[in-house]
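**Q** The structure's right below; bear with me while I get my questions together.
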Amino acid sequence: MTPFEHGFLLVDKPSGPTSHDIVQTARRALHERRIGHTGTLDPAATGLLLLCIGRATRLQQFMLGWEKTYEGEIALGYATTTYDTEGEMVGKARPVPPIDPDVLASLVTRFSGTIEQLPPSYSAKKLAGRKLYELARAGEEVPREPKTVTIHEMELRAAAADRLWFSMTCSSGTYVRSLAHDIGEILGCGGHLASLRRMRIGPWLAAQAVSTEVLVERPDEIPAAAWVSLRDARLPFGEVRLNPTALSHFAHGQEVLVREVDGAFTPGSQVAVRDRDGELVGIGTAVTHLPRARTLSVTPRMVLGEVEKA
């Protein structure tokens, strides 16, 4: 039995391979077929990729809710078809205006909080089963619907006369390439994403991640900090612990009443369910929460595996 049987592996993706390439690499290195990831990085991007392994692949959709932190640079002077360095220049190069502190402050204000974004024409977003970049490469019209995202924190600095360095923490699904493009348009000179590194996903940092070199060549040397067991896994919503009797009922599809619950739970929201030892055993849905009585009714949504009988 491998020590990486069920849980999450933090991998530091290099520039070049796709996120799917990293998944394939991990499958070969760990001799495990059940591996997925929790958020695509473009091939040119680097940084933290969170891989789900074994039973943890069933948690993939739930881990997408974590906010993410990125750092990178925006090149000013012209836009590209893909909004990054992989595309072709759109039109001619344009002069870059002076970038002073007031301009930077106005950009931060403009793009902070809840905003509407258009995804790039060249993106992995699907329409009727086809990815947008497939439509774009085929020369077909690419319909794009605005998407609401949230920029929680943002910092901009002038890295050069025609470059901006940025750091941002944002909601899942934010298109950083679109942000770079939109900033260039507001400045009137065009712009595109020159580099991107994902620094954080929820509570996990790129500094904890294993390199692909170690993953491929020395998988037995994967550092402990890069591995997150189901016991240590955190999800982007509240959690409860069940005693063996309640856990057995939960595993068999029955609604359970949890007492002495702390925190706020909205009916219909997701709840991480653990056994009394802290092992993550499934995901439930909050039904009724009585804060004063500190009780919560939870109905099963997904059970990770077999649960021992009480």
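Sequential numbering from 63 applies to the sequence shown in the working numbering.
Just so it is clear, CB atoms sit at the ideal spot from N, CA and C, and this is done for glycine as well.
1. Touching or not, the region 67-75 and the region 112-122, by the rule of three or more beta carbon pairs under 8 Å?
2. Please go through the same chain and pick out, in chain order, the residues whose beta-carbon is closer than 8 Å to the beta-carbon of ALA88, but skip the five residues on each side of it.
3. Provide the residue(s) that pair with PRO362 in DSSP beta bridges, ordered along the chain.
4. I'd like to know whether the C-beta atoms of GLY346 and PHE327 end up nearer to each other than 8 Å.
5. Within 10 angstroms of the Cβ of PRO181, are there 16 or more other Cβ atoms? Answer buried if so, exposed if not.
6. Using only the alpha-carbon positions, how far apart do THR102 and PRO163 sit?
7. For the beta strand (DSSP E) that contains ASP337, what are its first and last residues?
8. Excluding sequence positions up to five away, which residues of its chain have a Cβ less than 6 Å from the Cβ of PRO362?
9. Mind checking which residues open and close the alpha helix (DSSP H) that includes GLU215?
10. What separation, rounded to the nearest whole angstrom, lies between the Cα atoms of VAL323 and THR131?
11. Any idea if THR236 is buried or exposed, counting beta-carbon neighbours within 10 angstroms, 16 or more meaning buried?
12. Span of the beta strand (DSSP E) holding ARG135?
13. Could you tell me the boundaries of the alpha helix (DSSP H) in which GLN383 lies?
14. Give me the residue from PRO159, GLN122, GLN123 with the minimum Cα distance to LEU138.
15. Of the residues SER234, GLN332, THR80, which one's Cα is nearest the Cα of ARG262?
16. How big is the Cα-Cα spacing for ALA287 and SER81?
17. Confirm, please, whether the CB-CB distance from PRO157 to GLN179 is below 8 Å.
18. Could you give the first and the last residue of the continuous beta strand (DSSP E) run that contains THR108?
19. What are the partner residues of SER384, as DSSP defines its beta bridges?
**A** Judging by the given coordinates:
1. A contact exists between the region 67-75 and the region 112-122.
2. Closer than 8 Å at the Cβ level, and outside the excluded window around ALA88, lie LEU71, VAL73, GLU94, ILE97, LEU113, ILE115, LEU277.
3. DSSP lists GLY346 as the bridge partner or partners of PRO362.
4. No, they are not a contact pair.
5. A buried status is given to PRO181, since no fewer than 16 other beta-carbon atoms sit within 10 Å of its beta-carbon.
6. Each residue's Cα considered, the two are about 33 Å apart.
7. Element bounds for ASP337: 332-337.
8. Cβ within range, chain order: PHE312, GLY315, GLY346.
9. For GLU215, no alpha helix (DSSP H) run applies; the uninterrupted beta strand (DSSP E) run containing it begins and ends at 209-222, by DSSP.
10. Spanning the two alpha carbons is a distance of roughly 31 Å.
11. It is buried - the Cβ of THR236 has at least 16 other Cβ atoms within 10 Å.
12. According to the sequence displayed, residue 135 carries Glu and not Arg. Element bounds for GLU135: 130-138.
13. Shown here, the chain extends from 63 to 372; a query on residue 383 therefore has no answer.
14. Answer by Cα proximity: PRO159.
15. If you compare the alpha carbons of SER234, GLN332, THR80 with that of ARG262, the shortest gap goes to SER234.
16. Those two C-alpha atoms are separated by around 21 Å.
17. At a Cβ-Cβ threshold of 8 Å, GLN179 and PRO157 do not count as neighbours.
18. Residues 108-115.
19. Outside the modelled stretch of the chain, which goes from 63 to 372, sits residue 384, for which no answer is possible.
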